[in-house]
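If you're matching positions, the sequence shown starts at 4 in our numbering and goes up one per residue. Working notes for the structure below.
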Amino acid sequence: MPVLALAPMAGVGNWVFRLICARLGARVVGVEFINCRVVSQRSARSERLLDFSDALIYESTGLSLLAAQIYGNDIDLIAAGASELEQRGAQVVDINFGCSVPLILRKGSGAAYLKDLDLLYRAVHQTVEAVSVPVTIKTRVGWDEGSVNIVEVVKRAEDAGAQAVAIHARTVVQKYRGEANWDWISRAVEHAGIPVFGNGDVYSYADATAMQSRTGCDGVMIGRAAMANPWIFDARDGASLPERIDLAVELLNLMARHKGEKVGVLESRKHLALYFKGLGRDSEMRRLILTTRSLGELVDILREWRDDLEDDLPEADLTLSREEAGGLAWGGTG
Ligand SMILES: Cc1cc2nc3c(=O)[nH]c(=O)nc-3n(C[C@H](O)[C@H](O)[C@H](O)COP(=O)(O)O)c2cc1C
Numbered sequence: 004m005p006v007l008a009l010a011p012m013a014g015v016g017n018w019v020f021r022l023i024c025a026r027l028g029a030r031v032v033g034v035e036f037i038n039c040r041v042v043s044q045r046s047a048r049s050e051r052l053l054d055f056s057d058a059l060i061y062e063s064t065g066l067s068l069l070a071a072q073i074y075g076n077d078i079d080l081i082a083a084g085a086s087e088l089e090q091r092g093a094q095v096v097d098i099n100f101g102c103s104v105p106l107i108l109r110k111g112s113g114a115a116y117l118k119d120l121d122l123l124y125r126a127v128h129q130t131v132e133a134v135s136v137p138v139t140i141k142t143r144v145g146w147d148e149g150s151v152n153i154v155e156v157v158k159r160a161e162d163a164g165a166q167a168v169a170i171h172a173r174t175v176v177q178k179y180r181g182e183a184n185w186d187w188i189s190r191a192v193e194h195a196g197i198p199v200f201g202n203g204d205v206y207s208y209a210d211a212t213a214m215q216s217r218t219g220c221d222g223v224m225i226g227r228a229a230m231a232n233p234w235i236f237d238a239r240d241g242a243s244l245p246e247r248i249d250l251a252v253e254l255l256n257l258m259a260r261h262k263g264e265k266v267g268v269l270e271s272r273k274h275l276a277l278y279f280k281g282l283g284r285d286s287e288m289r290r291l292i293l294t295t296r297s298l299g300e301l302v303d304i305l306r307e308w309r310d311d312l313e314d315d316l317p318e319a320d321l322t323l324s325r326e327e328a329g330g331l332a333w334g335g336t337g
């Protein structure tokens, strides 16, 4: 069974979702990325992003490892920010060298470092010096088809002290278009002296095992598929209706605690829509789940539904289709 990690996802990887994935079997859980200039700010937003209280559970149970991710264009601030992340409880500090969102690239952050590997080396090295937890990187295979440099990137990061690398097997210009090319993961694995996590287009548990057997990667990192099916971390491609309802109730209650009722319910909807996609667009239950704003009302609706069901219903398949995955792409596929 491959070691499975939850990919860092902005707007998704809060402590509620991380805890759910860890409990189901994710051995590393990624935090939504944090700008190196935001880490030191004292705002409600930064405090929420930096709420790593779930790490205490991982520490005491050995369930998972919390990997907080930092990005930015100032390596002094990245190193200082990494130290703050460690003090907040991060068990791993990950540096983002893979983000392809145009605004981030224009500022010289994220995957922009793939064009300057000396800078990438210095960012990793300085961060390694600043913290005592492991430093890892997450990146893409290269800028474009003609300049794939993942082997060199891994080597430089490794020389600088990185302890693992996660590779989204697409180029920067590709964003989320086309297919992830796992051959580049194999190539990186052949040359790497540190563990490699493969990432990109793993939609089912079978995809995860296929990625590992085809590439020899040490672990598989899963993003969008986990939004629809966190049971993927338990080697399952779905869950029964009672299980999905129970998880929905838990998600809603915890999200309301974390973000307040209004935002918590709203932000849970992207998961609920995927857990209950089998209901079909015309279903009255689906409409209620995706439009009810009151936490109490929504939980009552779900509990009543649950009470009417047998316990031994079959599992529904929650595997994402390519179209569904495209719709969840970060910053769009364009
Ligand atoms: C909503 C969303 C937010 C994301 N945010 C981040 C992020 O903060 N840091 C990062 O390195 N990658 C981020 N990604 C990229 C994912 O970590 C992952 O590399 C990508 O989705 C490909 O994996 P998948 O095919 O399993 O989804 C994000 C992706 C999505 C869909």
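In this text, a Cβ means the ideal position worked out from N, Cα and C, and glycines have one as well. Nothing here was measured: the structure is a model prediction, and the numbers come from that model.
So what's residue i in DSSP terms, helix, strand or just coil?
{"i": "Trp-333", "result": "coil"}
{"i": "Pro-5", "result": "coil"}
{"i": "Glu-287", "result": "helix"}
{"i": "Arg-91", "result": "coil"}
{"i": "Gln-129", "result": "helix"}
{"i": "Arg-40", "result": "coil"}
{"i": "Asn-202", "result": "strand"}
{"i": "Glu-35", "result": "coil"}
{"i": "Asp-97", "result": "strand"}
{"i": "Asp-210", "result": "helix"}
{"i": "Gly-145", "result": "strand"}
{"i": "Asp-54", "result": "coil"}
{"i": "Leu-69", "result": "strand"}
{"i": "Gly-196", "result": "coil"}
{"i": "Ser-46", "result": "coil"}
{"i": "Arg-325", "result": "helix"}
{"i": "Ser-243", "result": "strand"}
{"i": "Thr-139", "result": "strand"}
{"i": "Met-295", "result": "It should be pointed out that residue 295 corresponds to Thr in this sequence rather than to Met. Coil at Thr-295, not helix or strand."}
{"i": "Ala-1", "result": "What is shown of the chain runs 4 to 337, which leaves residue 1 out entirely."}
{"i": "Tyr-61", "result": "helix"}
{"i": "Met-224", "result": "strand"}
{"i": "Tyr-74", "result": "strand"}
{"i": "Val-168", "result": "strand"}
{"i": "Arg-30", "result": "coil"}
{"i": "Arg-260", "result": "helix"}
{"i": "Arg-173", "result": "strand"}
{"i": "Val-151", "result": "strand"}
{"i": "Phe-236", "result": "helix"}
{"i": "Asp-310", "result": "helix"}
{"i": "Ser-112", "result": "coil"}
{"i": "Tyr-124", "result": "helix"}
Should residue i be listed as close to ligand 1, given that the test is whether its C-beta is under 6 Å from any heavy atom?
{"i": "Ala-13", "result": "yes"}
{"i": "Phe-100", "result": "no"}
{"i": "Lys-273", "result": "no"}
{"i": "Lys-141", "result": "yes"}
{"i": "Asp-54", "result": "no"}
{"i": "Phe-36", "result": "yes"}
{"i": "Asp-204", "result": "yes"}
{"i": "Arg-227", "result": "yes"}
{"i": "Ala-160", "result": "no"}
{"i": "Leu-7", "result": "no"}
{"i": "Trp-333", "result": "yes"}
{"i": "Ala-10", "result": "yes"}
{"i": "His-171", "result": "yes"}
Just confirm the distance between the C-beta atoms of residue i and residue j, as a whole number of angstroms; I'd bet it's less than 8 Å.
{"i": "Gly-58", "j": "Arg-30", "result": "This sequence places Ala at residue 58; Gly is not what is there. Going by Cβ atoms, the distance from Ala-58 to Arg-30 rounds to 14 Å, so no, they are not a contact pair."}
{"i": "Val-223", "j": "Pro-11", "result": "Contact flag wrong, Cβ pair sits at about 15 Å."}
{"i": "Gly-33", "j": "Gly-16", "result": "5 Å"}
{"i": "Val-154", "j": "Thr-142", "result": "About 12 Å separates the two Cβ atoms, so there is no contact after all."}
{"i": "Ala-70", "j": "Ile-37", "result": "Contact flag wrong, Cβ pair sits at about 12 Å."}
{"i": "Gly-203", "j": "Ala-183", "result": "3 Å"}
{"i": "Leu-120", "j": "Gly-145", "result": "No, Leu-120 and Gly-145 are not in contact; Cβ-Cβ is about 11 Å, not under 8 Å."}
{"i": "Ser-56", "j": "Trp-18", "result": "6 Å"}
{"i": "Arg-239", "j": "Glu-318", "result": "7 Å"}
{"i": "Cys-39", "j": "Ile-81", "result": "5 Å"}
{"i": "Lys-262", "j": "Glu-270", "result": "6 Å"}
{"i": "Gln-94", "j": "Tyr-124", "result": "No, Gln-94 and Tyr-124 are not in contact; Cβ-Cβ is about 24 Å, not under 8 Å."}
{"i": "Ala-13", "j": "Trp-333", "result": "7 Å"}
{"i": "Val-192", "j": "Thr-218", "result": "6 Å"}
{"i": "Arg-247", "j": "Tyr-278", "result": "5 Å"}
Is any non-hydrogen atom of ligand 3 found closer than 6 Å to the C-beta of residue i, if you look at the structure I gave you?
{"i": "Ala-114", "result": "Absent from the structure shown: ligand 3. Ligands present: ligand 1."}
Q: Mind the definition here: the stretch 98 to 109 touches the stretch 171 to 179 only if three or more C-beta pairs lie below 8 Å; say whether that holds.
A: Contact holds: three or more Cβ-Cβ distances are below 8 Å.
Q: Specify whether the stretch 127 to 144 and the stretch 79 to 90 touch according to this definition: at least 3 beta carbon pairs, one from each stretch, less than 8 Å apart.
A: Counting C-beta pairs with one atom in each stretch, the stretch 127 to 144 and the stretch 79 to 90 have three or more that are closer than 8 Å, which means they touch.
Q. Do the stretch 199 to 218 and the stretch 175 to 191 meet, that is, are 3 or more Cβ pairs less than 8 Å apart?
A. Note that the stretch 199 to 218 touches the stretch 175 to 191; at least 3 beta-carbon pairs, one per stretch, sit closer than 8 Å.
Q: For the stretch 49 to 67 and the stretch 108 to 119, state whether three or more C-beta atom pairs, one from each stretch, are separated by less than 8 Å.
A: No: the two stretches stay apart, fewer than three of their Cβ pairs being nearer than 8 Å.
Q | Segment contact, 8 Å Cβ cut-off, at least three pairs: the stretch 304 to 317 with the stretch 279 to 293 | A | Yes, since at least three Cβ pairs between the stretch 304 to 317 and the stretch 279 to 293 fall closer than 8 Å, the two stretches touch.
(Q) With a threshold of 8 Å, are at least 3 pairs of Cβ atoms found where one atom belongs to the stretch 202 to 216 and the other to the stretch 245 to 263? (A) A contact is defined here as three or more CB-CB pairs under 8 Å, and the stretch 202 to 216 fails this definition with respect to the stretch 245 to 263.
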